[in-house]
Every structure is written in C-alpha cells, then in structure tokens.
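There are 2 protein chains.
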Amino acid sequence: MATDPLPVSGDSLNQRLAEKGLRFTSQRQHVYEVLLGQRDHPSAEEVFMRAKQSKPEISMATVYNSLDALVKCGVVRQVNVDRGATLYCSNMNEHAHFCCDDCGKVFDVNLKNSPRVPEVDVPGEFEVRTIDIALHGRCTGTCEDCGRREAHA
Amino acid sequence: MATDPLPVSGDSLNQRLAEKGLRFTSQRQHVYEVLLGQRDHPSAEEVFMRAKQSKPEISMATVYNSLDALVKCGVVRQVNVDRGATLYCSNMNEHAHFCCDDCGKVFDVNLKNSPRVPEVDVPGEFEVRTIDIALHGRCTGTCEDCGRREAHA
DNA sequence: TTTCTTATTTAGAATTATTCCAAGTATTGA
DNA sequence: TCAATACTTGGAATAATTCTAAATAAGAAA
Ligand SMILES: [Mn+2]
Ligand SMILES: [Mn+2]
Ligand SMILES: [Zn+2]
Ligand SMILES: [Zn+2]
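In the order they appear, the protein sequences are chains Y and P. Sequential numbering from 279 applies to the first sequence in the numbering used here. Sequential numbering from 279 applies to the second sequence in the numbering used here.
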C-alpha cells in the first residue's frame, strides 16, 4: 500500500520534537531517516543495525531513546503484534497491520473509506487517543519465508 | 462489559484441547479456572501468582505452556498492547481493548453492532483469521492508580 | 490391566528485549 | 558566554520468555 506522502523531515522534525519539549539531535534525525529509508516494520534491534551502517557510533540505548522520541512527537508508530519485540512503523497514514502468524512478517493494509475507525462503545470515563488494528492470519501468496517463524520483515 | 456467558469448562475444555491434539491436564484446567475466576487481563506472571495460591507446585514454564494451549484451542486470547508483558483475556465475546497509557490498565469495550469488524482492504494473498482492536488513551474517571505506570489490571 | 509411546511438567539455565545508570557531551536560552 | 538541562553512551541490571533434560502423566495398543 502507499506509504505516507508527506513524511516529516529536517526542520519539520525539529518542530515536531520541539512541540513536545524534545530536542532535535543528529541521532534522532538519523534514526528517523533510517526508518524512512526502508519503510517496513523493523524492531529496535533491526533499526540499530541499519543505523550503525552509516553512523557506527550510535548506541542501542540511543536507538530506544530516539524511537521513543519519534513516537512521542507523532512521526512514528509502535506496532505490538505478538510476544516478540515491539516493531516500528513510519507510515502515519491511517492503516491497519496484517501479521502473518507463520512467517511473522507485518504488512500495512488499508482501512476502507467511510467509517474508517471501528465503531466502539467507549464508556464515558475513557478518553481515546489512538486506535490500533491488527489482523492475524497467514500470507498465502508468494512468501518464501512462510513456514519458518524466524525471518521478520 | 459483560463477559462470555458461556465459558468453556470441564469436559468441554477437554474437547477443545483434543480438537487441537492437545491433552487435558489438571494444570491446564487450573490455569483456565484461574482466568475465569478473575476476568481481567493478567500477565503470565500474574496468572502464575494466582495459580500458585491453590496449586503451589505449578511452575512458571507450565503457566506459559498452559496459556499457549488455551490460546491455541481458542478459549483464551492474548492481548498485546505495549512493550510490557503479554496479557491474557478469557472473554471470548467479540470485543476490543482499551489500554490506559497512564495507569496501564486494560478494559474490555464493546464493538457496536452492525459491521462489528472494521472494513479492511486485505490483499488477496492474506488469509485473515482474527482481528485485534486496541484503543489507547487515558481513563479519566475514578482511577486511583492513574499517574503511576506500575499497577496493571 | 500392562505396556508402549508420546505429551507434559518441572526447576533452572539461557536468551531476548528493554530499561537503568553514571559520566561525558550537546543544546537551549538567559 | 555560561548555566541549566537534555541527550548520548557503554555497560550493567532487569524483565519477559524460551529452552533443556529428566521425571511424570496421559492415551493408545495389546
Ligand atoms: Mn505500518
Ligand atoms: Mn478482554
Ligand atoms: Zn507469511
Ligand atoms: Zn488509568
């Protein structure tokens, strides 16, 4: 599916961070660029490995910090689909996630137009901010990884 | 919200397990009863503590095994809302989860009638089996725990 | 029943995922 | 330019889950 046509970048990221009282740093920018560079659903560990390629001195702690900062300022979302590591998604369009229980890969799926968001009966004492929709099942197509539960993407 | 009016029990659990080639054991039954006895959203650790009260010899590994077995045979669902431990829900009615980002508690919320399930555009190569809907926000009501992120329920 | 086969349980070790820490460094704003 | 504070870092610590190998229980067959 189409990913965000307007990913935040440069000064814009700076602003987004500032709005939340967070500072703009080269590490945060770099982590964000890593996410934009390959728009799949990597774990913190995977982001760390990609980030090190062009910034070998970055630390795991900073990757976690940066991911948290990016999530807080709304340019990245967390994806929790199973018992494994949290994944990160840089597509901020409204979409759901399909997770293959067989190969573990996560894919974006579009929500159909109209009432995009499921109609929920939320008691008054709850203030809803975000809604995460996760579909589970199997990818039946040409997934060469299906069958082994290791390979994530 | 109302929890499942027909929780599986006794022979019925036996059958459900058998259908999946799993054996009925006193541990699995006990773990299931623990979940039915307090229908909130405990973590494996929490289930372990509750289970030990009336069956002190049960082990953590068995709790994980039992929870997995119960999930596999469809009488319990897993709930993954954040970076923390996986939670377990014994309410098998169709419902969504509200997770308070402040106090961490998870509550069941009803999906409105009509198209209960969100309309998603799933590419042909995916076979959807289950859909999980998680709402995030804050409980604004009389939550005495709100403000500290420890206490889960 | 008795026996055989295989699944399950158990305690504890091992792994994985994430958070915490203390010291040095960068950023902000006065 | 300086002080205050946020951020980064490597490594230790913790939390969550999985793995292991030996003992036990369950189901099927005889
Ligand atoms: Mn996504
Ligand atoms: Mn529930
Ligand atoms: Zn697959
Ligand atoms: Zn709350």
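A virtual CB, placed ideally from N, CA and C, is assigned to each residue, including glycine.
Query, Result
"Euclidean distance between Cα positions of arginine 394/P and arginine 407/Y", "Residue placement at arginine 394/P is flagged as unreliable, the pLDDT there being 48, under the threshold of 50; the coordinate-derived value follows with that caveat. Answer to the nearest angstrom: the Cα atoms are 20 Å apart."
"Touching by the beta-carbon criterion (3+ pairs, under 8 Å), the segment 376-384 of chain P and the segment 323-339 of chain P", "no"
"Selected residue, minimal CA-CA separation from asparagine 358/Y, among Ile411/P, Lys350/P and Leu295/P", "Ile411/P"
"Straight-line Cα distance separating threonine 303/Y from cysteine 417/P", "33 Å"
"Status (buried if at least 16 other CB within 10 Å, exposed otherwise) for threonine 340/P", "buried"
"Under 7 Å, CB to nearest heavy atom of ligand 4: contacting residues", "Cys378/P, Asp380/P, Cys381/P, Lys383/P, Arg416/P, Cys417/P, Cys421/P, Asp423/P and Cys424/P"
"Residue range of the unbroken beta strand (DSSP E) whose run includes glycine 362/P", "Unbroken run through glycine 362/P: none, as it is neither H nor E."
"Amino acids of chain Y, ordered along the chain, whose beta-carbon sits closer than 9 Å to that of aspartate 423/P", "What aspartate 423/P touches in chain Y: nothing, since even the nearest Cβ is about 13 Å away."
"Distance between beta carbons of leucine 365/P and histidine 319/P, contact taken as under 8 Å", "4 Å"
"Cβ pair glutamine 331/P, arginine 361/Y closer than 9 Å", "no"
"Closest residue to aspartate 423/Y among Glu311/Y, Val387/Y and Cys381/Y (Cα-Cα distance)", "Cys381/Y"
"Spatial distance of cysteine 421/Y from glycine 415/Y (CA atoms)", "13 Å"
"Valine 357/P: CB within 8 Å of a non-hydrogen atom of ligand 2", "yes"
"CB contact check: leucine 413/Y to chain P, cutoff 9 Å", "yes"
"Residue from Cys351/P, Leu345/P and Glu405/P with nearest C-alpha to serine 290/P", "Cys351/P"
"Nonlocal neighbours in the same chain, by C-beta distance under 8 Å from valine 400/Y, ignoring five residues either side", "Val406"
"Range of the contiguous alpha helix (DSSP H) that encloses arginine 416/Y", "No alpha helix (DSSP H) holds arginine 416/Y; the beta strand (DSSP E) holding it covers 404-417."
"Distance cut-off 8 Å: cysteine 367/P Cβ against heavy atoms of ligand 2", "yes"
"Backbone CA spacing between tyrosine 310/P and valine 286/Y [nearest angstrom]", "47 Å"
"Any non-hydrogen atom of ligand 2 within 8 Å of aspartate 318/Y CB", "no"
"Contact under 9 Å by Cβ, serine 368/P with arginine 306/P", "no"
"C-beta atoms of proline 363/P and serine 337/P nearer than 9 Å", "First, the residue type needs correcting, since residue 363/P is alanine and not proline in the sequence shown. Going by C-beta atoms, alanine 363/P is not nearer than 9 Å to serine 337/P."
"Residue closest to leucine 313/P, alpha-carbon to alpha-carbon, out of Lys383/P, Phe385/P and Val353/P", "Val353/P"
"Straight-line Cα distance separating glutamate 297/P from glycine 419/P", "43 Å"
"heavy atom of ligand 2 below 8 Å from histidine 250/P C-beta", "Nothing about residue 250/P can be read from this structure; chain P reaches only from 279 to 431."
"8 Å Cβ cut-off: residues of chain Y touching phenylalanine 404/P", "Phe376, Cys378, Phe385, Val387, Leu413, Gly415, Arg416, Cys417, Thr418 and Gly419"
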